[in-house]
Amino acid sequence: MITSKTISNGILRALATILIIGIVLYFLYEIQTVIVYLCISLLLCLIANPLVLFLKNKLKFSNSMAASTTIVLFIFLIVGFILLFVPLIISQANNLSLLDTAHLQTQFMETEKHLEEYFNIQHIDLNKVIKDSKLTSVLDFSYFTGFINSIINFMADMGMGLVSVFFITFFFIKDQAIFKDQARRILPDSNEDKILNSITKINHLLTRYFIGLLLQLIVVFILYLIVLLIFGNKNAFVIAFLCAILNIIPYLGPIIGTTLAGILTMISMIGQDFQSEILPKTIYVIIGFLIVQAIDNNVSQPIISSKSVNSHPLEIFLIILISGITFGIVGMIIAVPAFTMVKVILKEFFPNNKIVSVLTERI
């Protein structure tokens with residue numbers, strides 16, 4: 005029999021549950037930076053797994069030595085990545101310095117003259133408008149100081165983030181066996197095998213996926229480099245590398261990379277004749293990049309991605325499309341790994357479900 009006491013107790017339990025959920029969500033929101041660090045560290049751990057296994061099994065490294073070697077390699081890669089773009093920045097700055105600034109100044113003065121003539125025709129006293137708007141009193145050059153401070157804070161946060169990620173990654177790599185053993189003790193006995201099997205399969209499939217993604221980027225990089233070298237681009241290696249990295253973003257990345265390659269190609273040829281040199285070479289580079297993207301989208305990407313995570317190419321396309329519409333660029337990047345994890349978990353816990361069995365028949 006339902007009494008007022010039962011109803012009140014139910015309401016109190018519901019309110020308590022909502023309150024606890026709210027507190028947990030708020031706590032997770034407050035430590036979102038730490039969660040991001042953990043996710044990045046897990047990702048690096050998955051990428052590093054083949055190298056760690058090679059160091060431990062083939063070269064007989066200890067866990068600590070293998071983890072240290074892997075972290076040092078990551079640091080060298082980041083430093084090399086930064087130093088790689090220094091020549092490109094210097095080169096583009098030198099090319100921009102060749103611009104005819106006198107001509108640009110003349111054009112600006114003519115534009116200013118046309119604006120003044122327009123306001124005079126409309127019987128508007130521009131000086132009076134500026135004075136009445138008190139624009140000069142609103143302008144505050146302290147934003148330059150704020151801008152510099154924001155750059156310093158960004159660099160400090162970035163440095164702290166890198167140190168934190170590498171520190172966490174080191175222990176993820178070094179103590180994988182310990183973490184698995186502790187997880188086995190914590191997990192409920194009824195679902196222990198299913199959870200551990202899910203983790204093992206996810207680890208295996210995502211490692212294959214990231215290796216496949218790396219192979220895809222190498223293929224695209226080589227093809228981009230060939231295109232740029234054919235048309236004599238001075239910074240072919242760096243531009244090809246940058247555009248290949250942008251390919252991590254499905255569908256949008258290649259478009260951004262092609263646009264960037266066209267802009268950098270034009271800047272690298274400043275000082276030459278626009279119609280006979282700059283424009284034709286830029287068009288040829290863009291066409292070459294479009295051909296590379298056609299090869300990548302129709303050959304390498306479907307084969308490598310679908311084989312690495314055992315999914316149909318159409319499946320991958322639809323998941324990336326839905327994730328992009330829902331969560332934007334970040335969703336597109338994490339779509340395939342997240343979908344793979346969901347498929348593995350569904351197969352372990354609901355193997356007899358018809359829909360799940362169809363979706364996971366390749367796993």
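Going by the numbering used here, the first residue of the sequence shown is number 5, and it counts up by one from there.
Positions of the beta carbon are idealized from the N, C-alpha and C atoms, including for glycine.
- A check of alpha carbon separations from Ala71 across Lys60, Ile271 and Ser315 identifies Lys60 as the nearest.
- Between the C-alpha atoms of Ile338 and Asn301 there is a straight-line separation of about 18 Å.
- The continuous stretches of alpha helix (DSSP H) do not include Asp179, and DSSP gives it neither H nor E.
- Phe176 and Ile25 have their C-alpha atoms spaced approximately 29 Å apart.
- Comparing alpha carbon positions, the residue from Cys43, Val334 and Met159 closest to Leu250 is Val334.
- In this chain, the alpha helix (DSSP H) harbouring His208 covers Glu196 to Ile234.
- No Cβ-Cβ contact shorter than 8 Å links Ile226 with Ser312.
- Ser315 sits in coil when the DSSP states are folded into three classes, being neither helix nor strand.
- Within the model, the alpha-carbon separation for Thr173 versus Pro284 is close to 48 Å.
- Considering only Leu232, Leu256 and His316, the residue with the shortest C-alpha distance to Ser272 is Leu232.
- DSSP, read as helix, strand or coil, puts Glu281 in helix.
- Between Ser8 and Leu19, the alpha-carbon positions lie close to 16 Å from each other.
- In the structure shown, Thr330 falls within a helical segment according to DSSP collapsed to helix, strand and coil.
- Sequence-distant partners of Thr344 (beyond 5 residues in either direction) whose C-beta falls short of 6 Å from its own C-beta, in its chain, are Leu209 and Val313.
- Counting every other CB atom within 10 Å of its CB across the protein chains shown gives Pro254 a total of 16 or more, marking it as buried.
- Inter-residue distance for Ile86 and Val242 is about 11 Å (C-alpha atoms, whole angstroms).
- In the structure shown, Pro254 falls within a coil segment according to DSSP collapsed to helix, strand and coil.
- Within the same chain, Leu166 come within 8 Å of Ile82 by CB-CB distance, once the 5 residues on both sides are set aside.
- Of the candidates Pro341, Thr330 and Ile299, the residue whose Cα lies closest to the Cα of Ser315 is Pro341.
- Leaving aside the five residues that flank Gly261 on each side, the residues in its chain whose CB is nearer than 6 Å to its CB run, in chain order, Cys247 and Leu250.
- Shortest Cα-Cα distance from Pro54 to any of Ile291, Thr211 and Ile287 involves Thr211.
- Sequence-distant partners of Phe321 (beyond 5 residues in either direction) whose C-beta falls short of 6 Å from its own C-beta are missing from its chain.
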